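Chemist: To start, I am sharing the structure in question, which I have written as structure tokens.
Protein chains in written order, with our numbering: chain A, 1 to 72; chain B, 73 to 323.
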């Protein structure tokens with residue numbers, strides 16, 4: 001989770017990110033941030049997330065759960 | 073048994089457009105099929121006319137340092153002369169510019185553009201290819217001339233290829249013709265990310281006057297451009313896109 005939080009701080013350009021944070025609440029969240037998340041999931045965690053799947057992800061925790069589920 | 077007839081070298085022949093081009097040109101030429109996937113290359117060769125006639129060259133274009141030695145040893149072993157070089161290998165990266173470092177950009181440029189530079193350098197050397205090269209063809213993209221969100225590095229790599237194409241056309245004339253084919257969206261594994269997204273698919277249906285393309289559409293243009301019938305065409309971007317880039321319709 002800590003690795004994901006670090007990556008999200010970088011993508012969202014904020015000081016801190018918590019698992020319960022909602023992606024859409026961040027000022028910088030847009031379609032390009034979504035693409036950065038997809039690219040990061042692949043390069044950092046080796047998993048493939050489709051843009052469609054990301055649409056139903058609300059919080060950073062759900063994103064983490066999605067990545068974990070794809071790892072197995 | 074090595075033959076001395078002139079070959080066509082196609083990079084990226086293990087799938088997609090490269091495979092279609094290889095199969096099309098195998099009807100009339102001896103091919104050197106390059107790709108990253110040996111299984112893919114063997115499948116392409118099996119689909120070519122007279123499979124035993126064609127050669128396979130397996131090398132990852134990300135490895136530029138040993139690309140030269142790999143190509144030269146392949147050519148020497150096969151006693152092959154390369155008459156046409158078609159650079160179809162390419163990769164795409166969907167990434168916003170604010171996440172794109174120069175290292176990431178370099179990776180894409182290596183395969184999409186610099187690998188072609190290295191191969192051409194070698195094919196022009198007398199001791200390697202004995203002045204046999206007559207035709208160079210780049211498979212570029214309509215995105216060479218236009219922008220696309222999160223595709224800056226891809227757009228730049230194709231624009232680099234086409235800038236290089238024009239300079240080559242001028243420098244290598246009159247013996248060698250150099251052109252680029254600019255395809256629109258075609259269903260291949262590289263474009264799969266777009267084809268899996270219903271929103272993108274729906275937009276493509278609206279934006280393409282002639283609908284989406286097939287690999288054969290590009291293969292037929294390639295066959296023409298390497299033929300004697302195209303003898304007075306050089307330095308050109310040939311767009312094969314179902315009318316996409318001329319479409320400014322409101323709906």
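Positions of the beta carbon are idealized from the N, C-alpha and C atoms, including for glycine. No experiment lies behind these values; they were computed from the predicted model shown.
(1) For residue 100(B), which residues from the same chain have a beta carbon less than 8 Å from its beta carbon, with the 5 sequence-adjacent residues on both sides left out?
(2) For a minimum of 3 consecutive residues, which ranges assigned as the beta strand (DSSP E) are wholly contained in the stretch 109-162 of chain B?
(3) Would you say residue 73(B) lies against chain A (beta-carbon separation less than 7 Å)?
(4) Contact criterion: CB-CB distance below 7 Å. Does residue 269(B) meet it with respect to chain A?
(5) Measure the CB-CB distance between residue 168(B) and residue 222(B) and report whether it falls below 7 Å.
(6) Anything in chain B within Cβ reach of residue 52(A), meaning under 8 Å, just list it in chain order.
(7) Answer with buried or exposed for residue 107(B), where buried requires no fewer than 16 other C-beta atoms within 10 angstroms of its C-beta.
(8) Please report the residue range of the beta strand (DSSP E) in which residue 387(B) lies.
(9) Is there a Cβ from chain A that is less than 7 Å from the Cβ of residue 222(B)?
(10) Only counting the same chain, and skipping five residues up and downstream in sequence, which positions put a Cβ closer than 7 Å to that of residue 180(B)?
(11) Strictly under 7 Å for the Cβ-Cβ distance: is residue 171(B) near chain A by that measure?
(12) According to DSSP, simplified to helix, strand and coil, what is residue 182(B)?
(13) Expressed to the nearest angstrom, what Euclidean distance is found between the alpha-carbon atoms of residue 172(B) and residue 178(B)?
(14) So, helix, strand or coil for residue 251(B), using DSSP?
(15) Ordered along the chain, which non-local residues of its own chain (more than five positions away) have a Cβ less than 6 Å from that of residue 74(B)?
(16) Could you check what DSSP says for residue 196(B) in three-state terms: helix, strand or coil?
(17) Below 8 Å between beta carbons is the criterion; list the residues of the stretch 154-171 of chain B that meet it against any residue of chain A, in chain order.
(18) So, at 7 Å on beta carbons, what are the nonlocal neighbours of residue 102(B) in its own chain, with the 5 sequence-adjacent residues on each side left out?
(19) Could you check which residue in 192(B), 313(B), 174(B) and 176(B) has the C-alpha nearest to that of residue 83(B)?
(20) Applying the 10 Å Cβ sphere with the 16-neighbour rule, what's the burial state of residue 155(B)?
(21) Is there at least one Cβ from chain B nearer than 7 Å to residue 35(A)'s Cβ?
(22) Step through the CB atoms of chain B and report whether any lies within less than 7 Å of the CB of residue 12(A).
(23) What is the residue span of the alpha helix (DSSP H) that residue 204(B) lies within?
(24) Helix, strand or coil for residue 242(B) per DSSP?
(25) Of all Cβ atoms in chain B, is any one closer than 7 Å to the Cβ of residue 39(A)?
(26) Name the residue from 52(A), 44(A) and 15(A) whose alpha carbon lies nearest to the alpha carbon of residue 273(B).
(27) Pop quiz: residue 134(B) and residue 183(B) are said to be a contact at Cβ under 8 Å. What is the actual Cβ separation, rounded to whole angstroms?
(28) When you compare the CB positions of residue 22(A) and residue 59(A), do they come within less than 7 Å of one another, or not?
(29) Just grab the DSSP bridge partners of residue 81(B) for me.
(30) Between residue 338(B) and residue 288(B), what straight-line distance do the alpha-carbon atoms span, to the nearest angstrom?
(31) Does DSSP put residue 68(A) in a helix, a strand or coil?
Modeler: A quick look at the data gives this:
(1) 295
(2) 127-130 and 153-159
(3) Summary for residue 73(B): the model assigns pLDDT 40, below 50, so the residue's position carries little reliability, and this model does not support an answer.
(4) Judged by the 7 Å Cβ criterion, residue 269(B) is in contact with chain A.
(5) The answer is yes: Cβ separation under 7 Å.
(6) 268, 269 and 270
(7) buried
(8) The structure shown does not extend to residue 387(B), since chain B is modelled only from 73 to 323, so the question has no answer here.
(9) yes
(10) 163, 165, 225, 226 and 229
(11) For residue 171(B), the answer is yes, since a Cβ of chain A falls inside 7 Å of its Cβ.
(12) Helix.
(13) 10 Å
(14) Residue state, collapsed to three classes: strand.
(15) Its pLDDT being 43, under 50, residue 74(B) is placed unreliably by the model, and nothing is read from it.
(16) coil
(17) 165, 166, 167, 168, 170 and 171
(18) 75, 77, 79, 125 and 126
(19) The shortest C-alpha separation from residue 83(B) is found at 192(B).
(20) Burial state of residue 155(B) is buried, judged by a 10 Å Cβ sphere holding 16 or more other Cβ atoms.
(21) yes
(22) no
(23) Neither: residue 204(B) is in no alpha helix (DSSP H) and is coded neither H nor E.
(24) The answer is helix: DSSP assigns residue 242(B) an H, G or I state.
(25) True, the Cβ-Cβ gap to chain B drops below 7 Å.
(26) 52(A)
(27) Indeed, because the Cβ distance is near 6 Å, the residues count as touching under 8 Å.
(28) yes
(29) 104(B) and 157(B)
(30) Summary: the structure shown does not reach residue 338(B), with chain B confined to residues 73 through 323, and so no result is reported for it.
(31) helix
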